[in-house]
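Going line by line, the protein sequences match chains B and L. For the first sequence, position 536 matches number 540 in this note's numbering, and the numbering has no gaps at all. For the second sequence, position 440 matches number 444 in this note's numbering, and the numbering has no gaps at all. Note that beta-carbon positions come from the ideal geometry of N, C-alpha and C, so glycine has one too.
There are 2 protein chains.
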Amino acid sequence: MCNLSRKADASLESLHRVFTIPEEQNSTLGRIEREISENLEGFLQSHIVAVEKDLTDVELDFSDASIPKQPIFVSEQADFLLDKLVSHSVHTASPSFVGHMTSALPYFMLPLSKIMIALNQNLVKTETSKSFTPLERQVTGMLHRLVYKGSDSFYQTYLHDQHYGLGAFCSGGTVANITALWVARNNMFKASEHFAGIHQEGLAAGLVHHGFRGAAILVSERGHYSLKKTADILGLGANNIISIATDDDNRISIKALREKCDELKHAKIKIMAIVGIAGTTETGSVDPLDEMADIAVANDCHFHVDGAWGAPTLFSKKYGPLLKGIERADSVTIDAHKQLYIPMGAGLVVFKDPSALHSIEHHANYIIRKGSKDLGSKTLEGSRPGMAMLVHSGLRILGEQGYELLIDQGIDKTCQFAQLIKQHPDFELCSEPTLNILTYRYCPNWLKPHLAQAEPEKVHAINEVLNRYTKYLQKVQRGRGKAFVSRTQLTPSCYQQQAIVVFRVVLANPLTSMQILEDILTEQAMLANEPEANRYIDKLKALVTEIA
Amino acid sequence: MCNLSRKADASLESLHRVFTIPEEQNSTLGRIEREISENLEGFLQSHIVAVEKDLTDVELDFSDASIPKQPIFVSEQADFLLDKLVSHSVHTASPSFVGHMTSALPYFMLPLSKIMIALNQNLVKTETSKSFTPLERQVTGMLHRLVYKGSDSFYQTYLHDQHYGLGAFCSGGTVANITALWVARNNMFKASEHFAGIHQEGLAAGLVHHGFRGAAILVSERGHYSLKKTADILGLGANNIISIATDDDNRISIKALREKCDELKHAKIKIMAIVGIAGTTETGSVDPLDEMADIAVANDCHFHVDGAWGAPTLFSKKYGPLLKGIERADSVTIDAHKQLYIPMGAGLVVFKDPSALHSIEHHANYIIRKGSKDLGSKTLEGSRPGMAMLVHSGLRILGEQGYELLIDQGIDKTCQFAQLIKQHPDFELCSEPTLNILTYRYCPNWLKPHLAQAEPEKVHAINEVLNRYTKYLQKVQRGRGKAFVSRTQLTPSCYQQQAIVVFRVVLANPLTSMQILEDILTEQAMLANEPEANRYIDKLKALVTEIA
Numbered sequence: 005m006c007n008l009s010r011k012a013d014a015s016l017e018s019l020h021r022v023f024t025i026p027e028e029q030n031s032t033l034g035r036i037e038r039e040i041s042e043n044l045e046g047f048l049q050s051h052i053v054a055v056e057k058d059l060t061d062v063e064l065d066f067s068d069a070s071i072p073k074q075p076i077f078v079s080e081q082a083d084f085l086l087d088k089l090v091s092h093s094v095h096t097a098s099p100s101f102v103g104h105m106t107s108a109l110p111y112f113m114l115p116l117s118k119i120m121i122a123l124n125q126n127l128v129k130t131e132t133s134k135s136f137t138p139l140e141r142q143v144t145g146m147l148h149r150l151v152y153k154g155s156d157s158f159y160q161t162y163l164h165d166q167h168y169g170l171g172a173f174c175s176g177g178t179v180a181n182i183t184a185l186w187v188a189r190n191n192m193f194k195a196s197e198h199f200a201g202i203h204q205e206g207l208a209a210g211l212v213h214h215g216f217r218g219a220a221i222l223v224s225e226r227g228h229y230s231l232k233k234t235a236d237i238l239g240l241g242a243n244n245i246i247s248i249a250t251d252d253d254n255r256i257s258i259k260a261l262r263e264k265c266d267e268l269k270h271a272k273i274k275i276m277a278i279v280g281i282a283g284t285t286e287t288g289s290v291d292p293l294d295e296m297a298d299i300a301v302a303n304d305c306h307f308h309v310d311g312a313w314g315a316p317t318l319f320s321k322k323y324g325p326l327l328k329g330i331e332r333a334d335s336v337t338i339d340a341h342k343q344l345y346i347p348m349g350a351g352l353v354v355f356k357d358p359s360a361l362h363s364i365e366h367h368a369n370y371i372i373r374k375g376s377k378d379l380g381s382k383t384l385e386g387s388r389p390g391m392a393m394l395v396h397s398g399l400r401i402l403g404e405q406g407y408e409l410l411i412d413q414g415i416d417k418t419c420q421f422a423q424l425i426k427q428h429p430d431f432e433l434c435s436e437p438t439l440n441i442l443t444y445r446y447c448p449n450w451l452k453p454h455l456a457q458a459e460p461e462k463v464h465a466i467n468e469v470l471n472r473y474t475k476y477l478q479k480v481q482r483g484r485g486k487a488f489v490s491r492t493q494l495t496p497s498c499y500q501q502q503a504i505v506v507f508r509v510v511l512a513n514p515l516t517s518m519q520i521l522e523d524i525l526t527e528q529a530m531l532a533n534e535p536e537a538n539r540y541i542d543k544l545k546a547l548v549t550e551i552a
Numbered sequence: 005m006c007n008l009s010r011k012a013d014a015s016l017e018s019l020h021r022v023f024t025i026p027e028e029q030n031s032t033l034g035r036i037e038r039e040i041s042e043n044l045e046g047f048l049q050s051h052i053v054a055v056e057k058d059l060t061d062v063e064l065d066f067s068d069a070s071i072p073k074q075p076i077f078v079s080e081q082a083d084f085l086l087d088k089l090v091s092h093s094v095h096t097a098s099p100s101f102v103g104h105m106t107s108a109l110p111y112f113m114l115p116l117s118k119i120m121i122a123l124n125q126n127l128v129k130t131e132t133s134k135s136f137t138p139l140e141r142q143v144t145g146m147l148h149r150l151v152y153k154g155s156d157s158f159y160q161t162y163l164h165d166q167h168y169g170l171g172a173f174c175s176g177g178t179v180a181n182i183t184a185l186w187v188a189r190n191n192m193f194k195a196s197e198h199f200a201g202i203h204q205e206g207l208a209a210g211l212v213h214h215g216f217r218g219a220a221i222l223v224s225e226r227g228h229y230s231l232k233k234t235a236d237i238l239g240l241g242a243n244n245i246i247s248i249a250t251d252d253d254n255r256i257s258i259k260a261l262r263e264k265c266d267e268l269k270h271a272k273i274k275i276m277a278i279v280g281i282a283g284t285t286e287t288g289s290v291d292p293l294d295e296m297a298d299i300a301v302a303n304d305c306h307f308h309v310d311g312a313w314g315a316p317t318l319f320s321k322k323y324g325p326l327l328k329g330i331e332r333a334d335s336v337t338i339d340a341h342k343q344l345y346i347p348m349g350a351g352l353v354v355f356k357d358p359s360a361l362h363s364i365e366h367h368a369n370y371i372i373r374k375g376s377k378d379l380g381s382k383t384l385e386g387s388r389p390g391m392a393m394l395v396h397s398g399l400r401i402l403g404e405q406g407y408e409l410l411i412d413q414g415i416d417k418t419c420q421f422a423q424l425i426k427q428h429p430d431f432e433l434c435s436e437p438t439l440n441i442l443t444y445r446y447c448p449n450w451l452k453p454h455l456a457q458a459e460p461e462k463v464h465a466i467n468e469v470l471n472r473y474t475k476y477l478q479k480v481q482r483g484r485g486k487a488f489v490s491r492t493q494l495t496p497s498c499y500q501q502q503a504i505v506v507f508r509v510v511l512a513n514p515l516t517s518m519q520i521l522e523d524i525l526t527e528q529a530m531l532a533n534e535p536e537a538n539r540y541i542d543k544l545k546a547l548v549t550e551i552a
């Protein structure tokens, strides 16, 4: 390097080493890697601190916003990470972590991920991904087939034809939902005489051209928050996500949906899409998809199914029929990092019509040229990693049977847990499971008759206290570090749509046993009767005494 | 499991094994992992086939759209991947792969990635990420500081205050650009009396409320294609990405920008944002950011800088000043998987104003509740992996000095390569390097005087042939598998804006030596004179003879 001094030469050499010399077997990083390879659960158990540290305390270790001038040793960083980061991360793979949708991973995902990262492919274009491009198209086709059950000849025709696309891979369900509704919007306002299409002229021009006063997306009140975000990004405005009431099983009310459609038509608001949910985030409920498909047809609009959580239920002969009608959807979101058991950062959306993605195609001069096989011409994201390799491996190594077993054991276990809750005198089941999610709360036995019989205002007051009680219990249990359930709010009709705070349990980890679930209830009942919780009990008793 | 038969019990047991028993040391996967750990370059060299196989042939191995019913052995899948996928992937880490923005990775990124994947955190919320949340905020602050150089007290105030955000982490530069312009749009049309804000009411209502006929984004004709995508998604329409002419150095013409601003004002089109580029994708050029900032101020609009490629140039004392004015941007995109040398799938956008992200905040009942520290309330994506851990490690292990060295050696080398091209009789440099990207083409010495002196139509005809020649050479060189340069199209003024196909070289890999670059020229000159290339030479000679 003519411009570099001798000192720089030496630094350059040490820089080269970072790119060429592997970590030693006995270095800190080498040891950690071996530990993970040999005994992942042991590594997580021994390095993650069980008892929760307050987040503001954790922040102290991450409070310097300066980038260090001098390089530090890899071993120093490795020690830091082990001591400060890993120790206070969340043991998402723990069988008693049943509060969110992140579960344990099959062991083979770890070495496979390493291969993926070592190859560092970029799926936006074939020039940086080559074989990964057909692999991703194959995986998309496999999941398209899981949903739509097309014929062999259908897939022979479309799987690798660059002019078509059976879906779009992305980093997760939110981007999948945005992609689906972006496609729906653009297809609704496509080019015609005197209009170059919404992708060129924009939404305002599209509405004017079609003589609509607005465009709306209809989804049940249990719809995922990403849909409001989608309406915001796409320029529709969150007001145009129309929330439809649900029945007692947290399924969209078909009657309310029909009525709303008529109302919007009358008001010259175009229904852009109806969104059905296959596995609501909060309660695991499945909308009546078949009836929704009828309504979408009648209103000539896009029918999207958010199956981020529930779509893999299709692997199950026993429970797959719950999703009847999903095969009539124009698009379906599936999160691979949820019930396909892939590491974080993999989702996709499949489209019934292989030409649906035309409406969002983009091109450039140096990549994703017209006619190229570059996947980036039909995705929201640009550069993307080769996560499809992990999905491909999951689908083949577990097979339909493996996923079926995972689905079946999860739902069966959830039904059993629901029984357990119902049989326990001091708990109340708040949503019956359809898939592998349920909600419940602590509700002491002596309180139940009052909840059932008291005046509405009293019931309301009792529920207010129970809400605070439930929040308290959820936080304390999380803090103790033995188990984790999450919490959400529902508005059940039995309590006149009052917002009720509930524990939420998601049972996807095959290592979660019934014993663990029993222990969770036992711990909650214990926490509920600790002296620190007396203020809730006292308040409840006072309310009941007033009633009496 | 009460509902499962004994046969299912046995399968369940084998399923448990997949989640609990690691791969054996001597299994195929175990061996691959060891090979990668001990000698990554050797692994890639020996497993990736150098000579290109036609993509349609590769597709044959990925043409079955059925998910296998029965599970297959992990070893079978490992062999398949090695044989069919790895072999025909792209050796992006090769020092002679200088065509795209994907480079070699520092070795420590591999074991660190394994820790990240083993922990499987989800950064959308603290309940699934805990310490990763403050870590990500810290990293965002570090990169914010690289750009904006705020005071210690600024970062003490805002780094961990959940009501503010210094930036948003995401999967890559496209999502970063979308996020920046989504924020710009929402802040431009924010809530006021009689208007609930664009995020609620949508774009059409926003335009009406403000009395604008449209909203535009201005960027040079070298702008990244993701900006057109952004305008499409945000509902503005790609027509409202206004492309501004560039000067001979591929920098935006300030005069043309000023004129266009005046014109739009006159037409009641609101200028939503002006986008400056710090490192254009095709030529590595840097717009005059300081002057653009003045124009943005004068037009009261958002000033975004797309520094996906070039922002890390700020690490360099020597070249950092090229980006003068970037500190005046309202938002800056930085791709971590480019010049921060992080594995694929990490980008971010930083915002000057810590309250800028308020305009895109979203909340839900079960996570990202109001007032929570959950990062997901201010990101486009939902679930996201803990890539920030790798950025944190890169910034600390390499330090400012390490990144400075990487930047300096890359740009210095590019200048040297430019000299080499200029000195070579049979090549033509098509864009002078500013950063570490340049373009050139093969142009035999005897042809040069004709290009300089012939009639415009003749020059046009010669360039048409040279364009096909360049395309041919780029493809053949790629196919031979020794080296890879990419290609793009420029419209230089010296050829009256005719589209000229050029080789494009990106020099970010510190292992790329001058010898490798010389060899690339030598191979191109050789390929240009192989019998298969005669048709181009003959055609050129015929044109020249006509001229004579």
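Could you please give the first and the last residue of the uninterrupted beta strand (DSSP E) stretch that includes residue i?
| i | result |
| --- | --- |
| Tyr-476/L | Unbroken run through Tyr-476/L is the alpha helix (DSSP H), 460-484; no beta strand (DSSP E). |
| Leu-442/B | 441-446 |
Taking C-beta pairs closer than 7 Å, name the residues in chain B that residue i reaches, listed in chain order.
| i | result |
| --- | --- |
| Gln-204/L | Gly-241, Ala-242 and Asn-243 |
| Leu-268/L | Chain B residues near Leu-268/L: none, gap ~15 Å exceeds 7 Å. |
| Thr-132/L | Val-94, Thr-96, His-104 and Thr-106 |
Taking the beta carbon of residue i as the centre, do at least 16 other beta carbons fall within 10 Å, making it buried, or is it exposed?
| i | result |
| --- | --- |
| Asp-291/B | buried |
| Trp-313/L | buried |
| Pro-453/B | exposed |
| His-464/B | exposed |
| Cys-6/L | With a pLDDT of only 37 at Cys-6/L, under the threshold of 50, the placement of this residue in the model should not be trusted, and no figure is reported. |
| Met-296/L | buried |
| Ala-503/L | exposed |
| Asp-542/B | exposed |
Residue i touches chain L at which residues, Cβ-Cβ below 8 Å?
| i | result |
| --- | --- |
| Ile-40/B | Lys-118, Ile-119 and Ala-122 |
| Ile-281/B | Residues of chain L passing the Cβ test: none, with the nearest at roughly 14 Å. |
| Gly-145/B | Ala-69 |
Identify the contact partners of residue i in chain B, using a Cβ-Cβ distance below 8 Å as the criterion.
| i | result |
| --- | --- |
| Pro-72/L | Leu-399, Arg-400, Gly-403 and Glu-404 |
| Thr-178/L | Leu-384, Glu-385, Gly-386 and Ser-387 |
For a contact defined as C-beta to C-beta under 7 Å, what are the partners of residue i on chain L?
| i | result |
| --- | --- |
| Ser-577/B | Residue 577/B cannot be examined here, being either before or after the span of chain B that is shown, 5 to 552. |
| Trp-186/B | Ile-237 |
With residue i as the anchor, note down where its alpha helix (DSSP H) starts and where it stops.
| i | result |
| --- | --- |
| Ile-372/L | Segment: none, Ile-372/L is in no alpha helix (DSSP H) and carries neither H nor E. |
Starting from the beta carbon of residue i, find every residue of chain B whose beta carbon is closer than 9 Å, and list them in chain order.
| i | result |
| --- | --- |
| Met-393/L | Leu-85 and Leu-89 |
| Ile-364/L | Lys-233, Asp-236 and Ile-237 |
Interface positions of the segment 59-83 of chain B facing chain L (Cβ-Cβ less than 9 Å), listed along the chain | Leu-59, Thr-60, Val-62, Glu-63, Leu-64, Asp-65, Phe-66, Ser-67, Asp-68, Ala-69, Ser-70, Ile-71, Pro-72, Lys-73, Gln-74, Pro-75, Ile-76, Phe-77, Val-78, Glu-80, Gln-81 and Ala-82
Does the count of Cβ pairs from the segment 507-515 of chain B and the segment 86-105 of chain B closer than 8 Å reach three?
-> yes
Could you say if the segment 320-339 of chain L and the segment 399-417 of chain L meet the contact criterion of at least three C-beta pairs nearer than 8 Å?
-> yes
Any residues in the segment 11-22 of chain B with a beta carbon nearer than 8 Å to a beta carbon of chain L? Which ones, in chain order?
-> Ala-12, Ser-15, Leu-16, Leu-19, His-20 and Val-22
Near-chain L residues of the segment 251-266 of chain B - C-beta to any C-beta below 8 Å = none
Can you find at least 3 beta carbon pairs, one from the segment 127-142 of chain L and one from the segment 518-527 of chain L, that sit closer than 8 Å?
-> no
The segment 324-354 of chain L: positions lying closer than 7 Å to chain B by Cβ = His-341, Pro-347, Met-348 and Gly-349
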